[in-house]
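Asker: Chains A and B supply the protein sequences, listed in that same order.
Be aware that the first sequence starts at 1, since it is given in full-length UniProt numbering, and climbs by one per residue.
Be aware that the second sequence starts at 1, since it is given in full-length UniProt numbering, and climbs by one per residue.
Mind looking over this structure? Questions follow.
Protein chains: 2
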Amino acid sequence: MTETASARVAEPTVVIVGGGFGGLKAARALRRARVKILLVDRQNHHLFQPLLYQVASATLSPADIAAPIRHILRSQRNAQVILAEVAAVDLGARHVGLADGRSLPYDFLILAAGSRSSYFGRDGWARLAPGLKNLEDALEIRRRFLSAFEQAEQEEDPERRREWLTFVIVGGGPTGVELAGTLKEMARLSLPREFRRIRTDRARVVLVEAGPAILANFGSGLSEKAVQGLERIGVEVRLGLPITAIEERAVQLGEERIPTRTVLWAAGVAAVPLGAGLGVPVDRIGRVIVEPDLSLPGHPEAFVVGDLAAFPHGPGGPLPGVAPVAIQQGTCAAANIQATLDDRPRQAFRYRDKGSMATLGRGKAVAHVGGLSLTGYPAWLAWLFIHLMLLVDFRSRVFVFFEWLWAYLTTQPRARLIVGGHERAQPVEPGAQDPTGRSGSPPR
Amino acid sequence: MTETASARVAEPTVVIVGGGFGGLKAARALRRARVKILLVDRQNHHLFQPLLYQVASATLSPADIAAPIRHILRSQRNAQVILAEVAAVDLGARHVGLADGRSLPYDFLILAAGSRSSYFGRDGWARLAPGLKNLEDALEIRRRFLSAFEQAEQEEDPERRREWLTFVIVGGGPTGVELAGTLKEMARLSLPREFRRIRTDRARVVLVEAGPAILANFGSGLSEKAVQGLERIGVEVRLGLPITAIEERAVQLGEERIPTRTVLWAAGVAAVPLGAGLGVPVDRIGRVIVEPDLSLPGHPEAFVVGDLAAFPHGPGGPLPGVAPVAIQQGTCAAANIQATLDDRPRQAFRYRDKGSMATLGRGKAVAHVGGLSLTGYPAWLAWLFIHLMLLVDFRSRVFVFFEWLWAYLTTQPRARLIVGGHERAQPVEPGAQDPTGRSGSPPR
């Protein structure tokens, strides 16, 4: 007993902040290490973010793409999960301060706290155009999307009805593209028979991208294919103009004013503020610039991985904030901790890009995998297969498979529920006070 | 065209308030009637309330037991669904006033707006002991239940830890019994391996019933069997004493003080306030006293069904607020409207009691069906079968079946997510202000 206890005392403590792809992978990679792992997250669940848009579009339920972190790590005896918010990290004293006042000393630290939606300094937009980063966001988008049709059904004035039936999605990356496609398909295929006074299939879904192309890093061929695919199902794609104003009842796009009640934000992310508080160099969106081995300059015991890290050492500059980068970095940071414990040299991180893919709607996708460009049905099947395989635990795979099968065969996804809030019937209350104190139309 | 239009104008309007069991059944029963049906609900979904406790206990997701009312009525061309809150009913002028100011004139009215949790005038208890009436309630209970284990895991003080691991359920009707059984099973079977510092299987679940028996209207034999069944899995059952105080950290039960952080309310319901505003006689819990044909005295065109109705004409006094009563009354009210349209005499409502059943935990239930008393596994299978059959649409049946099969085989229900609110880590904040202005401990 005493021996075990003293052996346990001697084990170094690894604190991991964040139970997303990077943090969870690091914890699992250390499962045989003689360390004590404390994984801290403010949510009780790991979230499979690549499918979050399907919760927003009411195809999947939260439980299909999220699993309790405790459950995932239940058999890993060297890991403890702590549900708490991290307030600050003291790199010098080597401890993590929690919002409830407690302090966790560490021997090794892995920061994997991720990113958040960023509005380029126009914080008043956050209320008008919710982003899609967590389950709450997804349920809020679902609520606004479904409520808009309810409002339109009850609206007598044709102009106002048109506003309710117009959806603007800002940002032409994978999230924006997949959201636009799935929402348009819902309006086109799932909802029409349910409404008596409106034609849901005529709802406008406008995808706005400030740059010259959507899915820019997929390569130009696929980018054009994606535009064609979206336009074929009726999504309007607008390229090359930034949104300059978001108001209660319209967005401004260059000279054009698009009347709309529902704006969704997939345009920008920034690292969580934790990174900027470390006192080490960060890039312009708050990501911590790491060494080749993913540690912090001057702090070989502290690592940063995933969306919170800026890794400028490989070809092509900082890596994109996607799950594969986080997973591979989590593995690498864990391996470098193990190497240090074993007195072996560390490895430099190298990203193995396995490709990119995005769905465009029912049976349609674009994919760039292993040097191969796929479009249409083959790309969609590849997307389906890979995402099912990536889902973290077996049971989610089974249920998601059946949900998808169901939705595909019936065009009737199951989760079309408006739950929570008093916004049920009024997703955006006209004239409501902006809690930030700014007006809906920010200064230019 | 003109003919159709004028024919349509001549069709009487039936306004149905509430898309629960009673209202929805009435709407469907009128599917071939030459009427225009307006179904008003403030939620977009019909909720299968008998399984709501399984959303609270994280076995099912909201989408498993709720379906959009529009979706259910999509093929019924004479029905329109209106998502709105009803503010008042003017029986004299024959119109329903909505909270947004609109007014719906009717020729026939069916009020099926249901019930809400009632705290016997101690409204301050509502915040401390949430009831279980809708999806928001269920998710709140789930949040508190799961968060309590998180708090216990992090608590150093053994006394406070004990408080977090004690759950008091007030009310020994079917809801309280099923909630107690399922929460105890979760603590006993699903959670133990996930926590490192607490023994979740030692969590206390206390079921408190002020009367002399739980499941009182099942008959005394089954009531005792239910107590035995619950005690076998470790639920403590306390009979014959009312709760006299609910505080942040304890409940008072006669002389006994039970320290606890989590109190759940299944003790009392009252009709929604709409009934009391009609200007017709109501009973002591606000239910509208109806005529034998379910209409209102002096208003043969207005019907009240389900939990909002008090039906004193049969044997055994007012009927219980359960789904079969609401369904049968919805059918009866629709038939009486049809009879009036056809100039036939109306029928008086007669309740056909098909029995009662409640689960006690994994593979255990009590049931009184067709004069037969069942217990244990046979009762549980009967419960399973009947509830699957009752689920409103086919797809929910399929998915619920698989969720149950999964949970049964693995003891790992899928929906253990803490979502929403800032209460994540602190479900009941000590010292928080009671929004009602009352203290946690109400005057006796």
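A virtual CB, placed ideally from N, CA and C, is assigned to each residue, including glycine.
Assess, as a yes-or-no matter, whether the segment 184-197 of chain A is touched by the segment 258-274 of chain A under the definition of 3 or more beta carbon pairs within less than 8 Å.
Answerer: These segments do not touch.
Asker: Any beta carbon of chain A sitting closer than 7 Å to that of B/E423?
Answerer: Any reading at B/E423 must be qualified, since the residue scores a pLDDT of 36, below 50, and its modelled position is unreliable; no value is offered.
Asker: Take the Cβ of A/L372 as the centre, count every other Cβ of all protein chains shown within 10 Å, and call the residue buried at 16 or more, exposed below.
Answerer: By the 10 Å Cβ count, A/L372 comes out exposed.
Asker: Using a C-beta cutoff of 7 Å, does B/I418 count as contacting chain A?
Answerer: Yes, B/I418 counts as interfacial toward chain A.
Asker: Please go through the same chain and pick out, in chain order, the residues whose beta-carbon is closer than 8 Å to the beta-carbon of B/C332, but skip the five residues on each side of it.
Answerer: So the qualifying residues of the chain are D293, L294, V305, Q347, F349.
Asker: Residues of the segment 146-171 of chain B with a CB closer than 7 Å to any CB of chain A: list them in chain order, please.
Answerer: Result list: L146, E150, Q154.
Asker: Helix, strand or coil: which one does DSSP assign to A/I327?
Answerer: Looking at A/I327 - three-state DSSP - the assignment turns out to be helix.
Asker: Would B/V288 and B/A309 be called neighbours here (beta carbons separated by less than 7 Å)?
Answerer: In contact: B/V288 and B/A309 (Cβ atoms closer than 7 Å).
Asker: Drop a sphere of 10 angstroms on the beta-carbon of B/T260, count the other beta-carbons inside from all chains shown, and report buried for 16 or more, exposed for fewer.
Answerer: Looking at its Cβ environment, which holds 16 or more other Cβ atoms inside 10 Å, B/T260 is buried.
Asker: Measure the C-alpha to C-alpha separation of B/F48 and B/E291 and round it to an integer number of angstroms.
Answerer: Looking at the two C-alpha atoms, the distance is approximately 28 Å.
Asker: Note down, in chain order, every chain D residue with its Cβ under 7 Å from the Cβ of A/Q252.
Answerer: The structure shown contains no chain D; the protein chains it does contain are A and B.
Asker: If distances are taken between C-alpha atoms only, which option among B/D137, B/L165, B/Q328, B/S220 comes closest to B/A250?
Answerer: That would be B/L165, whose Cα lies nearest to the Cα of B/A250.
Asker: Indicate the three-state DSSP secondary structure (helix, strand or coil) for A/G221 in the structure shown.
Answerer: Here A/G221 sits in helix by DSSP.
Asker: State buried or exposed for B/V15, treating a residue as buried only when at least 16 other CB atoms are found within 10 Å of its CB.
Answerer: Buried.
Asker: In this structure, how does DSSP classify A/H387 when only helix, strand and coil are distinguished?
Answerer: If DSSP states are grouped into helix, strand and coil, A/H387 belongs with the helices.
Asker: Mind checking if residue 447 of chain B is an interface residue toward chain A, Cβ cutoff 7 Å exclusive?
Answerer: It is not possible to answer for residue 447 of chain B, since the shown part of chain B is limited to 1 through 444.
Asker: Name, please, each residue of chain B whose Cβ falls closer than 9 Å to the Cβ of A/F402.
Answerer: Neighbours of A/F402 on chain B, chain order: V398, F399, F402.
Asker: Counting only C-beta atoms, is A/Q54 closer than 7 Å to chain B at any point?
Answerer: No, no contact with chain B.
Asker: Give me the Cα-Cα distance between A/G361 and A/Q329, rounded to the nearest whole angstrom.
Answerer: Each residue's alpha carbon lies about 31 Å from the other.
Asker: Taking a Cβ distance cut-off of 9 Å, strictly less, list which residues of the segment 76-87 of chain B are near chain A, in chain order.
Answerer: Cβ contacts with chain A: R77, A79, Q80, V81, I82, L83, A84, E85.
Asker: Can you list, in chain order, the residues of its chain with a C-beta nearer than 7 Å to that of A/R197? Leave out the 5 residues immediately preceding and following it.
Answerer: Only E153 meet the Cβ criterion.
Asker: Could you name the residues of the same chain whose beta carbon sits closer than 7 Å to that of residue 445 of chain B, not counting the 5 residues immediately before and after it, in chain order?
Answerer: Residue 445 of chain B falls outside the range modelled here, since chain B spans only 1 to 444, and no answer is possible.
Asker: Have a look at A/K354 and A/T411 and give me their C-alpha separation to the nearest angstrom.
Answerer: Taking the straight line from one Cα to the other gives about 31 Å.
Asker: Leaving out the 5 sequence neighbours to the left and right, which residues in its chain are closer than 7 Å to A/P345 when beta-carbon positions are compared?
Answerer: If we look at A/P345 and ignore the five residues flanking it on each side, its Cβ neighbours are A339.
Asker: Go ahead and pull the three-state DSSP assignment for B/G22.
Answerer: Note: B/G22 maps to helix in three-state DSSP.
Asker: Distance cutoff 7 Å, beta carbons only. Does A/P345 sit that close to anything in chain B?
Answerer: False, the Cβ-Cβ gap to chain B never drops below 7 Å.
Asker: Measure the C-alpha to C-alpha separation of A/T13 and A/R34 and round it to an integer number of angstroms.
Answerer: Their Cα atoms are separated by approximately 9 Å.
Asker: Which residues in the same chain have their Cβ closer than 6 Å to the Cβ of A/G22, if we skip the five residues on either side of it in sequence?
Answerer: Same-chain partners within the cutoff: A112, V305, G306, A326, Q329, G330.
Asker: Going along chain B, which residues have a C-beta under 7 Å from A/A415?
Answerer: Ordered by position in chain B, the residues that pass the 7 Å Cβ test against A/A415 are A63.
Asker: Counting only runs that start and end within the segment 338-367 of chain A, where is the beta strand (DSSP E) found for 3 or more residues in a row?
Answerer: The segment 338-367 of chain A contains these whole beta strand (DSSP E) runs: 356-361.
Asker: Can you grab the Cα-Cα spacing for the pair A/S57 / A/L139, in whole Å?
Answerer: Looking at the two C-alpha atoms, the distance is approximately 9 Å.
Asker: For the segment 32-50 of chain B, enumerate the residues whose C-beta is nearer than 9 Å to any C-beta of chain A, in chain order.
Answerer: Answer set for the segment 32-50 of chain B: R42, Q43, N44, H45.
Asker: Taking 7 Å as the threshold (beta carbon to beta carbon), is A/E11 in contact with chain B?
Answerer: No, A/E11 lies away from the interface with chain B (no Cβ there is under 7 Å from its Cβ).
Asker: Indicate the three-state DSSP secondary structure (helix, strand or coil) for A/S396 in the structure shown.
Answerer: Correct three-state label for A/S396: helix.
Asker: So if I threshold CB-CB distances at 9 Å, which residues from the segment 195-224 of chain B count as touching chain A?
Answerer: If the cut-off is 9 Å between Cβ atoms, the segment 195-224 of chain B has F195, R196, R197 near chain A.
Asker: What residues of chain A sit near B/L313, judged by a beta carbon separation below 8 Å?
Answerer: A small fix is needed here, since residue 313 of chain B is His in this sequence, not Leu. By Cβ distance, chain A contributes nothing, its closest Cβ being about 37 Å from B/H313, past 8 Å.
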